[in-house]
Amino acid sequence: MAQAIVSHTVNKLEDLMRGDSASLYGMNDDIHWMKRELKKLLCFLKDGDAKQIRDREVKSWIKDVIAAAHGVEDLVDSYLFRASRFPHYFSSIHSRRSFFKKVDEIKQKINGLSAQRLTLGLVNLGARRYIPEQIVDPEAQSRECVYVDGDDDDDVNTSIVGFGEERKAIIGQLKISLDRLLVLSLVGVGGVGKTTLARSIYQSADIKRMFVCRAWVSVTKHCTVTDILKNTIKELVTSPKKIKGQTLSKCLKLIIDEAKDDHNLESWNEEDIKSALHELIKLKGKCLIVMDDVHRKEIWERIQTAIVTTDNGSRVLLTARSIEVGIFVGLHTNPHELCVLNENESKLLFLKSIYPDEIVHEFMDDLKEVSERLLRICGGLPMHLVLLGSLLSRKAKIVGAWSKVLEALTLQSNDILGLCYDELPLELKPCFLYLRAFEEGSEIKASQLKRLWMAESLVLYKEGNQEREQIANQYIEELSKRSLVQVTRRKYNGNPSRILVHRLLHELCNKVIKENNFLNVEGRRSKNPPAALDPTVTTARRLAFHGAIPNTYFDPVTSDLTTPSLRTFMCSGSAKLQHRLGQHLEGLKLLTVINVEGEKRLTTIPSEISNLIHLRYLRWIVHSNHGVKTLPSLENLHNLQTLATNATITIEDGPEGLKSIRCLTHAKCGYLVAKQLIKLTSLRRLKITFNETVILNPFEKQRTLESLSLYGEEGSIPMEAFTVFPALHKLKIYGILTDAKPLPAHTVFPQYLKKLTLAFSCLTKDPMPTLEKLPNLMILSLEDKVYDGKSMVCSEGGFPRLLWLVLKKLEKLEDWEVAYGAMKKLRSLTIEGCRRLKMLPEGLQHINSLKEIKLIQMGNMVVIE
Numbered sequence: 001m002a003q004a005i006v007s008h009t010v011n012k013l014e015d016l017m018r019g020d021s022a023s024l025y026g027m028n029d030d031i032h033w034m035k036r037e038l039k040k041l042l043c044f045l046k047d048g049d050a051k052q053i054r055d056r057e058v059k060s061w062i063k064d065v066i067a068a069a070h071g072v073e074d075l076v077d078s079y080l081f082r083a084s085r086f087p088h089y090f091s092s093i094h095s096r097r098s099f100f101k102k103v104d105e106i107k108q109k110i111n112g113l114s115a116q117r118l119t120l121g122l123v124n125l126g127a128r129r130y131i132p133e134q135i136v137d138p139e140a141q142s143r144e145c146v147y148v149d150g151d152d153d154d155d156v157n158t159s160i161v162g163f164g165e166e167r168k169a170i171i172g173q174l175k176i177s178l179d180r181l182l183v184l185s186l187v188g189v190g191g192v193g194k195t196t197l198a199r200s201i202y203q204s205a206d207i208k209r210m211f212v213c214r215a216w217v218s219v220t221k222h223c224t225v226t227d228i229l230k231n232t233i234k235e236l237v238t239s240p241k242k243i244k245g246q247t248l249s250k251c252l253k254l255i256i257d258e259a260k261d262d263h264n265l266e267s268w269n270e271e272d273i274k275s276a277l278h279e280l281i282k283l284k285g286k287c288l289i290v291m292d293d294v295h296r297k298e299i300w301e302r303i304q305t306a307i308v309t310t311d312n313g314s315r316v317l318l319t320a321r322s323i324e325v326g327i328f329v330g331l332h333t334n335p336h337e338l339c340v341l342n343e344n345e346s347k348l349l350f351l352k353s354i355y356p357d358e359i360v361h362e363f364m365d366d367l368k369e370v371s372e373r374l375l376r377i378c379g380g381l382p383m384h385l386v387l388l389g390s391l392l393s394r395k396a397k398i399v400g401a402w403s404k405v406l407e408a409l410t411l412q413s414n415d416i417l418g419l420c421y422d423e424l425p426l427e428l429k430p431c432f433l434y435l436r437a438f439e440e441g442s443e444i445k446a447s448q449l450k451r452l453w454m455a456e457s458l459v460l461y462k463e464g465n466q467e468r469e470q471i472a473n474q475y476i477e478e479l480s481k482r483s484l485v486q487v488t489r490r491k492y493n494g495n496p497s498r499i500l501v502h503r504l505l506h507e508l509c510n511k512v513i514k515e516n517n518f519l520n521v522e523g524r525r526s527k528n529p530p531a532a533l534d535p536t537v538t539t540a541r542r543l544a545f546h547g548a549i550p551n552t553y554f555d556p557v558t559s560d561l562t563t564p565s566l567r568t569f570m571c572s573g574s575a576k577l578q579h580r581l582g583q584h585l586e587g588l589k590l591l592t593v594i595n596v597e598g599e600k601r602l603t604t605i606p607s608e609i610s611n612l613i614h615l616r617y618l619r620w621i622v623h624s625n626h627g628v629k630t631l632p633s634l635e636n637l638h639n640l641q642t643l644a645t646n647a648t649i650t651i652e653d654g655p656e657g658l659k660s661i662r663c664l665t666h667a668k669c670g671y672l673v674a675k676q677l678i679k680l681t682s683l684r685r686l687k688i689t690f691n692e693t694v695i696l697n698p699f700e701k702q703r704t705l706e707s708l709s710l711y712g713e714e715g716s717i718p719m720e721a722f723t724v725f726p727a728l729h730k731l732k733i734y735g736i737l738t739d740a741k742p743l744p745a746h747t748v749f750p751q752y753l754k755k756l757t758l759a760f761s762c763l764t765k766d767p768m769p770t771l772e773k774l775p776n777l778m779i780l781s782l783e784d785k786v787y788d789g790k791s792m793v794c795s796e797g798g799f800p801r802l803l804w805l806v807l808k809k810l811e812k813l814e815d816w817e818v819a820y821g822a823m824k825k826l827r828s829l830t831i832e833g834c835r836r837l838k839m840l841p842e843g844l845q846h847i848n849s850l851k852e853i854k855l856i857q858m859g860n861m862v863v864i865e
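When the letters of the sequence shown are read in order and numbered with full-length UniProt numbering, they come out as residues 1 to 865.
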């Protein structure tokens, strides 16, 4: 980890020198010297990491190197802050002398470390650099496979080896035609494949068709029963399926309204939540609830009263490590116990992991001996087989390379998880550890993760045309290929959309971040918070709070956060912040990332944020009806890259104050804020929410925007939305289109448009004659009252590049005609909730490229074979 920390500091210094040198105010030579010397030390850290296990002096030296790297980072950032906020600060001889005295101290410390490594006998082993594979053109990638935004069965099923019979048996039990509740359990040791198998079942097409709604609930060690109940309600409320009947009962409407607001649910007691969940399941209909990793039988004992009397065919599937829990929770069923794989199954899974793109049944002769020894170390545990196999897939297929892996495992007491982390390239180690900032068991949005990495300078700058976001995508793909993360959803172009981290890998992250003070994390119910004077608190560089912040993080006298070197502050649902957050920020001048979510009363973003010149990432989401009320001046935030807030008002300093923001690339905000941001030439992605009719004329021509999402609750969207952004690749519009009864000519749309989503447009004329002429359209999704007509026609030659088509809840559609030669490249078709559609078009039979058709809740439609 020391290599990764020092490498990160070097990367930041290189970024700084690559930027505006005038901002360094005479520190250029010092920064160049520190960067050069840290790079030299970096070459010896690899040898130091290997020797520190048995040499305390080396271990102490490494800790000093980490402290020096952090000291350099703090020194430079503090210098830039003072020089920017107080232009005359260094005019004072005393100030200059005091500051450069600190520079000399750091340089002396680095010189001392360089001399000490000679006495320790450390060898220059160089510093490995990860070279990402070149990004693939989205269309070329799509020729091989079509990815969808929903669940992908294939991604999950590739690692299901040895449990095929259990999968069939469980699905069979879930399909039993009984109204009474059935509770099934999957039990086995950690890493045996319980979650993978459960997710495969949860995402299967049969299960999706069978249940009106589904809920996946992760049960962490810190979860209370009320947490689990609330999360179940939220999952069911957000389930896309309709509730039976035409109207919602008053009780159900109350549940849904309350569940949309975390703060409202917080005020409910356990019995209230149980009653709400019981009512919700009864009214929603047949539900499947998966509770992953239930660790105590008492949890189910308290939850079951909300579910067991719902005699509507609902089912519950729980996973647990303890057989006692499985026996206890089983209702009318016996637990399914997963055992480790036998020799043949282990070999099959191992080979699949080593050769993911090939079909290989045997090891090469010269690799047989070493591979058999590696297989024995795995002990038939699927997670170990997949991790070790994935690691070997990144190695040369020669005896020497595999023998080194075997030797390393022997030295590390067969710690496969630890070895997989140690074998990560330098650039990926901090990126992997950063995953610990998110709650255990939660799906992580890849877009959010990438922007956080970029804000933290964890994504390396590369010469050439590749952008950092593309490189960040490659980082995620590399972690996925090593099986350190699972990509659970992908976007239309194949890029990751959601990822998941296994609990055992989460625990590995936890161990490493504690050893290296990389990140401090507090769960919802932390039992043993660190002491107030613990250096891991006072020297913390990243804090992530999931729930209340322990008092030990605050100075007992001033109540300030005792973390002057803090770079990242992530918090959800902390009452401690409600009244004094601005006061805390006053002393945190080096903050780069602020991510606050959940507090209903945090509707005012503190004005102190305006002084955080290093801030690159600001996300402030409040779960209330009105969102953020005020957004402070952004004039001083020259480095801001991402702004995400549900603020619906203007920015204090108006458009003129935004001219200094040169780096903003991603924004999610209300309409009035967007009007001010839109003139920024760096902006690439923009999401706008609004409650009134949108007027886009002030936006003029915005030639850099590539992705635009418009969400209208009550208003209308004018047609100039299509014309003012000529570079758009992706367009989402949720709302009524004014003067668009039919759509305008296809020439009005951006010519490079690749993905289009329309919903609630209330069109009265068939949109297909216009949309089929868009030359580059690859993904089309027409949803929820987008079209009120009864018929649609796709003409010959229409949609020349379309790969994926979704028709969802077109409730009046009866007839759909597809001419011969239309959509000739279509790979995937999904039709959901179009209950009046009489039959599938016969023209689909002529589309040779069509690989899958998904039909969901389609009534009595006729399907032509």
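In this text, a Cβ means the ideal position worked out from N, Cα and C, and glycines have one as well.
Quiz prompt | CA nearest to the CA of Gln-203, picked from Ile-289, Ala-644, Arg-376, Arg-180 | solution = Looking from the CA of Gln-203, the closest CA among Ile-289, Ala-644, Arg-376, Arg-180 belongs to Ile-289.
Practice problem: Note down, in chain order, each residue of its chain lying with its Cβ closer than 7 angstroms to the Cβ of Ala-4, except the 5 sequence neighbours on either side. | Solution: Non-local beta-carbon contacts of Ala-4 in its own chain, meaning distances under 7 angstroms to residues more than five positions away in sequence, involve Leu-426, Lys-429, Pro-430 in chain order.
Quiz prompt | Of the residues Thr-333, Pro-841, Leu-805, Ser-275, the one placed nearest Ala-306, counting alpha carbons only | solution = Among Thr-333, Pro-841, Leu-805, Ser-275, the Cα nearest to that of Ala-306 belongs to Ser-275.
Quiz item: Between Phe-211 and Arg-315, is the Cβ-Cβ spacing less than 9 angstroms?
Solution: In this structure, Arg-315 lies closer than 9 angstroms to Phe-211 by Cβ.
Quiz prompt | According to DSSP, residues forming a beta bridge with Asn-520 | solution = Beta-bridge analysis with DSSP links Asn-520 to Leu-543.
Quiz item: Which of the three DSSP states, helix, strand or coil, is assigned to Leu-615?
Solution: Under the three-state reduction of DSSP, Leu-615 is assigned to coil, being neither helix nor strand.
Quiz item: Any idea if residue 875 is buried or exposed, counting beta-carbon neighbours within 10 angstroms, 16 or more meaning buried?
Solution: Nothing can be reported for residue 875: it is not among the residues displayed for the chain, which extend from 1 to 865.
Practice problem: Report all residues from its chain with a CB closer than 6 angstroms to the CB of Phe-438; omit the five preceding and five following residues, and keep chain order. | Solution: For Phe-438, where only same-chain residues beyond five positions count, the Cβ hits under 6 angstroms are Ile-444.
Quiz item: Between Leu-782 and Leu-807, is the Cβ-Cβ spacing less than 9 angstroms?
Solution: Taking a C-beta distance under 9 angstroms as the contact criterion, Leu-782 and Leu-807 qualify as a contact pair.
Self-check item: Nearest neighbour of Lys-107, chosen from Leu-174, Phe-725, Asp-30 [CA to CA]
Solution: Considering only Leu-174, Phe-725, Asp-30, the residue with the shortest C-alpha distance to Lys-107 is Asp-30.
Self-check item: Cβ-based burial, Met-17 [other Cβ within 10 Å; buried from 16]
Solution: By the neighbour-count definition (other C-beta atoms within 10 Å, threshold 16), Met-17 is an exposed residue.
Exercise. In the DSSP assignment, find the unbroken alpha helix (DSSP H) run with His-278 in it and report its ends.
Key: Element bounds for His-278: 270 to 284.
Quiz prompt | Cross-strand partners of Arg-781 (DSSP beta bridge) | solution = The displayed chain sequence assigns Ser, not Arg, to residue 781. When beta bridges are read from the DSSP output, Ser-781 appears opposite Thr-757, Val-806.
Practice problem: Below 8 angstroms on the Cβ atoms is my guess for residue 870 versus Leu-634; work out the distance and round it to an integer in Å. | Solution: A question about residue 870 goes unanswered here, because the residues of the chain that appear run from 1 up to 865.
Practice problem: Note down the Cα distance separating Leu-236 from Ser-707, rounded to an integer number of angstroms. | Solution: For Leu-236 and Ser-707, the distance between alpha carbons rounds to 30 angstroms.
Quiz prompt | Cβ neighbours of Ser-607 in the same chain (closer than 6 angstroms, five flanking residues each side left out) | solution = If the five residues before and after Ser-607 are omitted, its C-beta is found closer than 6 angstroms to the C-beta atoms of Pro-632, all from its own chain and listed in chain order.
Quiz item: Going by the beta-carbon positions, is the gap between Leu-452 and Tyr-617 smaller than 9 angstroms?
Solution: Cβ distance < 9 angstroms, so Leu-452 and Tyr-617 count as in contact.
Self-check item: Helix, strand or coil at Cys-420 according to DSSP, with G and I counted as helix
Solution: Reduced to three states, the DSSP call for Cys-420 is helix.
Quiz item: Which term fits Arg-56, buried or exposed, when burial requires 16 or more other beta carbons within 10 angstroms of its beta carbon?
Solution: Result: exposed.
Quiz prompt | 9 angstroms Cβ cutoff met for Leu-731 and Leu-753 | solution = Cβ distance < 9 angstroms, so Leu-731 and Leu-753 count as in contact.
Quiz item: In whole angstroms, what separates the C-alpha of His-846 from that of Leu-837?
Solution: Here the alpha carbons of Leu-837 and His-846 stand approximately 20 angstroms from one another.
Quiz item: Buried or exposed: Gln-751, going by 16 or more other Cβ atoms within 10 Å of its Cβ?
Solution: An exposed status is given to Gln-751, since fewer than 16 other beta-carbon atoms sit within 10 Å of its beta-carbon.
Quiz item: Mind checking Ile-323: buried by the 16 CB within 10 Å criterion, or exposed?
Solution: Taking every protein chain shown into account, the CB of Ile-323 has fewer than 16 other CB atoms within 10 angstroms, so this residue is exposed.
Exercise. Buried or exposed for Ala-205, please, with buried defined as at least 16 other CB atoms from any protein chain shown within 10 angstroms of its CB.
Key: By the 10 Å Cβ count, Ala-205 comes out exposed.
Quiz item: What is the residue span of the beta strand (DSSP E) that Lys-668 lies within?
Solution: Segment 666 to 670, the beta strand (DSSP E) holding Lys-668.
Exercise. Taking residue 875 as part of the beta strand (DSSP E), name the residues at either end of that continuous run.
Key: Given a span of 1 to 865 for the chain in the structure shown, any question on residue 875 remains unanswerable.
Quiz item: Should Thr-830 and Trp-804 be called a contact, given that it needs their Cβ atoms to be closer than 9 angstroms?
Solution: Taking a C-beta distance under 9 angstroms as the contact criterion, Thr-830 and Trp-804 qualify as a contact pair.
Self-check item: Simplified DSSP assignment, three categories, for Cys-762
Solution: The answer is coil: DSSP assigns Cys-762 none of H, G, I, E or B.
Exercise. Pick out whichever of Met-823, Asp-49, Ala-67 has its Cα sitting closest to the Cα of Met-59.
Key: Note that residue 59 corresponds to Lys in the displayed sequence, not to Met. For the residues Met-823, Asp-49, Ala-67, the minimum Cα distance to Lys-59 belongs to Asp-49.
Self-check item: Residue span of the beta strand (DSSP E) that contains Phe-44, given as start and end
Solution: Looking at the DSSP string, Phe-44 is not in any beta strand (DSSP E); the run it does join, the alpha helix (DSSP H), is 28 to 51.
Quiz item: If you scan the stretch 389 to 468 from start to end, which runs of the alpha helix (DSSP H) of 4 or more residues do you find wholly inside it?
Solution: Listed in chain order, the complete alpha helix (DSSP H) runs (minimum 4 residues) inside the stretch 389 to 468 are 399 to 411, 416 to 422, 428 to 433, 446 to 455.
Self-check item: Own chain residues within Cβ distance below 7 angstroms of Gln-412, not counting five before or after
Solution: These residues qualify, in order along the chain: Gly-418, Leu-419.
Practice problem: With DSSP as the reference, label Arg-302 as helix, strand or coil. | Solution: DSSP places Arg-302 within a helical segment (H, G or I) once states are collapsed to three.
Practice problem: Go through its chain and collect everything with a Cβ distance to Asn-157's Cβ below 6 angstroms, but skip five positions before and after it. | Solution: Reliability fails at Asn-157, whose pLDDT of 47 lies under 50, so the model's placement of it is uncertain and the value that follows must be treated cautiously. Residues of the same chain with a CB within less than 6 angstroms of the CB of Asn-157, apart from the 5 flanking positions on each side, are Ser-200 in chain order.
Practice problem: Give a yes or no on contact between the stretch 391 to 399 and the stretch 357 to 375, applying the rule of three or more CB pairs nearer than 8 angstroms. | Solution: Touching, per the Cβ criterion.
Exercise. Taking only the alpha-carbon atoms, compute the straight-line gap between Val-504 and Val-103 and give it to the nearest angstrom.
Key: Per the sequence shown, residue 504 should be read as Leu rather than Val. Taking the straight line from one Cα to the other gives about 42 angstroms.
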